[in-house]
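Number of protein chains: 2
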Amino acid sequence: MSVRSLCLAILSFGDATGYEIRKESTEGRFSYFDDASFGSIYPALARLESDGLVTVREEPQAGKPARKVYSITEAGRTEFINSLCEPQAADTFKSPFLLIALNAAQLPPEVIRRALERRKAQVHEELRLLTECENEECRHPGSDWTRNYGIACMNVTLAYLEEHGEALIKIAEDSAEQLAAAE
Amino acid sequence: MSVRSLCLAILSFGDATGYEIRKESTEGRFSYFDDASFGSIYPALARLESDGLVTVREEPQAGKPARKVYSITEAGRTEFINSLCEPQAADTFKSPFLLIALNAAQLPPEVIRRALERRKAQVHEELRLLTECENEECRHPGSDWTRNYGIACMNVTLAYLEEHGEALIKIAEDSAEQLAAAE
DNA sequence: GCCACCATGTAACACGTTACATGATTTG
DNA sequence: CAAATCATGTAACGTGTTACATGGTGGC
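Each protein sequence line maps, in turn, to chains R and Z. As numbered in UniProt numbering, residues 1 to 183 make up the first sequence, in order. As numbered in UniProt numbering, residues 1 to 183 make up the second sequence, in order.
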C-alpha cells in the first residue's frame with residue numbers, strides 16, 4: 001500500500017492534517033496498514049490535491065505554521081473504494097523478535113530476556129490502544145470487528161509469551177552452560 | 001532488517017545460493033523476517049563476500065549458469081550474532097485484509113467474501129508450512145519454539161475468521177440493503 | 001506448445017527515509 | 001532548562017523493485 005492510498009484511507013474517516021496522518025499511521029489505529037514519515041506524506045497530500053481527490057483549507061494559528069486541514073472529495077472516496085475492490089496483497093508479519101527467538105541457543109540469556117520483555121511491552125501497548133477506544137465515539141461495525149480481531153490475536157500472543165517465555169530463556173541458559181563446560 | 005542481514009541470517013543455518021535465499025525469504029521459514037528479490041540479494045551477496053563475511057564456491061552445471069553456493073565465515077557469524085544483541089526493532093503486522101474489513105459497510109458483500117476466503121487460504125498455507133517441517137531434520141530448540149508460537153497465532157486467526165466471517169459479510173449486506181432502500 | 005522452475009546478473013526507476021530548516025508552546 | 005509536541009516543507013540519499021538479458025529442463 002502506497003502512502004497515497006494510506007492518506008486516502010485515513011481521510012475517508014475524517015479530515016486531518018499531514019501531521020495527524022503521520023501520527024495515525026505510525027501509532028494509531030492505521031498502523032496496521034502502513035506507516036509513513038513526513039517526507040512522504042506531505043508530497044503525497046500535495047499530489048492528491050492537484051489530482052482533485054482531496055481539498056485543503058488553511059487554519060492560521062499564532063506562532064505555528066497554519067494547519068492545512070485536508071478533506072476527501074467524492075472522487076477521492078470513489079478511488080479509495082475502488083482500490084479496496086481490487087485483489088488484495090497478502091498480509092505480512094515481520095518479527096525481529098522471532099529471529100532472536102530462533103537463535104536463542106546462540107545468544108546470551110540476558111538478550112533473550114530483554115527481547116521477551118520488549119515484545120511483551122509492545123503487545124501490551126497494542127492491547128491498550130485497541131481497548132482504549134472501545135467506549136469512544138469511533139464505533140462503527142467495521143471497526144468493532146477489526147478491533148476484536150486484533151484483541152483476539154494480541155491476547156494469544158501475550159499468553160504464549162507469558163507461558164513459554166521461561167522455556168526460551170532456558171534454551172539460551174542451557175547452551176551457555178554447555179559452552180562453558182566444553183572449555 | 002536489511003537484505004544484507006537477511007542473507008547472513010539464512011546462511012547461518014546452512015549454505016545456500018542466491019536463488020535459494022530468495023525462496024526462503026519470500027515463501028519459506030524466513031519470510032517472517034523480511035523478503036527480498038533477486039535485484040537486492042545478488043548485489044548483497046557480492047558485497048558480503050568482498051567484506052569477508054561469506055565465501056563462495058561455484059558448482060558448474062550443464063546448461064544452467066554455475067550455482068554459486070555461499071557459506072558464512074566466522075566473521076560473518078560474529079557480525080550476525082552481534083546484530084541480534086543490539087536493540088531490536090518493533091514487530092510489525094501489515095494487513096490489507098483488515099483495511100477491507102474496516103470498510104466492510106462501504107463495500108459490496110462479494111468483495112468481503114473474497115477477502116475473507118483469500119485471508120483464510122493464506123493462513124491455511126502458513127499453517128501448512130509450519131506443521132510441514134515438524135517431523136523434519138530442521139529441528140532445534142529455537143525453531144521448535146518459534147514454530148509453536150506461529151502455530152498458536154495462526155490457529156487463533158483462523159478460528160476468528162471462521163467464527164466471525166459471516167458477521168462481517170452481514171455488515172456489508174445490511175448497508176447495501178439500506179442504500180437500496182434509500183433510493 | 002507453453003508455462004514454471006532453475007540460475008545468475010544489471011540498469012533504470014520508484015519509493016520512502018533521514019536530516020535539515022524554522023519556531024512557538026507546553027510539560028517534566 | 002531541556003525535551004517533547006505541534007506544524008510544515010525540501011533535498012539528498014539509500015534501498016529495493018521491476019524489467020530485461022540468457023537459456024536449458026521437465027511437467028501439463
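From the three backbone atoms N, C-alpha and C, an ideal C-beta is built for every residue, glycine too. Quick caveat: nothing in here was measured; it's all calculated off a predicted structure.
For residue j and residue i, the rounded distance between their alpha carbons
i                     : j                : result
residue 187 (chain R) : LEU116 (chain R) : Because chain R is modelled from 1 through 183, residue 187 (chain R) falls outside the range shown and cannot be assessed.
THR131 (chain Z)      : ALA75 (chain R)  : 46 Å
ILE72 (chain R)       : SER12 (chain R)  : 6 Å
PRO141 (chain Z)      : ARG47 (chain R)  : 51 Å
ASP91 (chain Z)       : THR78 (chain R)  : 33 Å
ALA66 (chain Z)       : ARG118 (chain Z) : 38 Å
SER143 (chain R)      : LYS120 (chain Z) : 20 Å
SER31 (chain Z)       : LEU129 (chain Z) : 11 Å
PRO60 (chain Z)       : ALA182 (chain R) : 40 Å
ILE169 (chain Z)      : ARG139 (chain R) : 18 Å
SER50 (chain R)       : SER25 (chain R)  : 23 Å
CYS133 (chain R)      : ARG29 (chain R)  : 10 Å
GLU162 (chain Z)      : GLU162 (chain R) : 26 Å
LEU45 (chain R)       : LYS64 (chain R)  : 20 Å
GLU58 (chain Z)       : ALA180 (chain R) : 37 Å
GLY52 (chain R)       : ALA62 (chain R)  : 29 Å
Simplified DSSP assignment, three categories, for residue i
i                     : result
residue 184 (chain Z) : Because chain Z here runs from 1 to 183, residue 184 (chain Z) falls outside it and cannot be looked at.
LYS64 (chain R)       : coil
SER31 (chain Z)       : helix
ALA44 (chain Z)       : helix
ALA9 (chain Z)        : helix
ARG139 (chain Z)      : coil
SER37 (chain Z)       : coil
THR26 (chain Z)       : helix
ALA89 (chain R)       : coil
residue 198 (chain Z) : Here chain Z covers residues 1 to 183 and nothing more, so residue 198 (chain Z) does not appear.
GLU132 (chain Z)      : helix
GLU183 (chain Z)      : coil
THR55 (chain R)       : strand
SER71 (chain Z)       : strand
Residue nearest to residue i in terms of C-alpha spacing, selected from the options
i                : options                                  : result
VAL123 (chain Z) : Z:ILE151, Z:ALA9, Z:THR92 and Z:LEU179   : Z:ILE151
ALA36 (chain Z)  : Z:ALA90, Z:GLU74, Z:CYS7 and Z:GLN88     : Z:CYS7
ALA16 (chain R)  : R:GLU125, R:HIS140, R:PRO87 and R:VAL54  : R:VAL54
ARG4 (chain Z)   : Z:ASP34, Z:THR26, Z:ALA121 and Z:PRO65   : Z:ASP34
TRP145 (chain Z) : R:GLY28, R:ARG114, R:SER143 and R:TYR160 : R:TYR160
ALA172 (chain R) : R:SER143, R:LEU102, R:ARG118 and R:GLN61 : R:LEU102
GLU126 (chain Z) : Z:THR78, Z:SER50 and Z:TYR149            : Z:TYR149
VAL111 (chain Z) : R:GLU86, R:ARG113, R:ALA121 and R:ALA90  : R:GLU86
ARG147 (chain Z) : R:HIS164, R:THR92 and R:ARG147           : R:HIS164
ARG113 (chain R) : R:ALA167, R:ALA62, R:PHE93 and R:CYS133  : R:ALA167
LEU70 (chain Z)  : Z:ALA182, Z:ILE10 and Z:ARG139           : According to the sequence displayed, residue 70 (chain Z) carries Tyr and not Leu. Among Z:ALA182, Z:ILE10 and Z:ARG139, the Cα nearest to that of TYR70 (chain Z) belongs to Z:ILE10.
GLU27 (chain R)  : Z:THR26, Z:PHE93 and Z:GLY14             : Z:PHE93
SER2 (chain R)   : R:PRO60, R:GLN88, R:ALA62 and R:GLU59    : R:GLN88
GLY14 (chain Z)  : Z:VAL56, Z:SER50 and Z:GLY52             : Z:VAL56
Cβ of residue i within 9 Å of any chain Z Cβ
i                : result
SER95 (chain R)  : yes
LEU130 (chain R) : no
GLN178 (chain R) : no
VAL69 (chain R)  : no
ARG22 (chain R)  : no
VAL111 (chain R) : yes
GLY52 (chain R)  : no
SER12 (chain R)  : yes
ALA181 (chain R) : no
CYS133 (chain R) : no
ARG118 (chain R) : yes
SER175 (chain R) : yes
CYS7 (chain R)   : no
Chain R within 9 Å of residue i, Cβ atoms only
i                : result
SER87 (chain Z)  : It should be noted that the sequence gives Pro, not Ser, for residue 87 (chain Z). Yes, its Cβ sits closer than 9 Å to a Cβ of chain R.
HIS124 (chain Z) : no
ASP15 (chain Z)  : no
SER37 (chain Z)  : no
VAL73 (chain Z)  : According to the sequence displayed, residue 73 (chain Z) carries Thr and not Val. Taking Cβ atoms only, chain R never reaches closer than 9 Å to THR73 (chain Z), which makes this a no.
VAL56 (chain Z)  : no
GLY150 (chain Z) : yes
TYR42 (chain Z)  : no
ARG4 (chain Z)   : no
SER143 (chain Z) : yes
LEU127 (chain Z) : no
PHE48 (chain Z)  : Looking at the sequence shown, residue 48 (chain Z) is not Phe but Leu. Not an interface residue.
- Query: Within the chosen definition, does the stretch 101–113 of chain R reach the stretch 77–85 of chain R through at least 3 CB pairs nearer than 8 Å?
  - Reply: no
- Touch check for the stretch 18–30 of chain R and the stretch 41–51 of chain R: three-plus C-beta pairs under 8 Å? yes
- Task: Count the C-beta pairs between the stretch 147–164 of chain R and the stretch 154–168 of chain Z that are closer than 8 Å, then say yes if the count reaches three, no if not.
- Result: The count of Cβ pairs closer than 8 Å, one atom from the stretch 147–164 of chain R and one from the stretch 154–168 of chain Z, reaches three, so the stretches are in contact.
- Would you check if the stretch 173–181 of chain R and the stretch 87–100 of chain Z touch, i.e. whether three or more CB-CB distances between them fall below 8 Å? no
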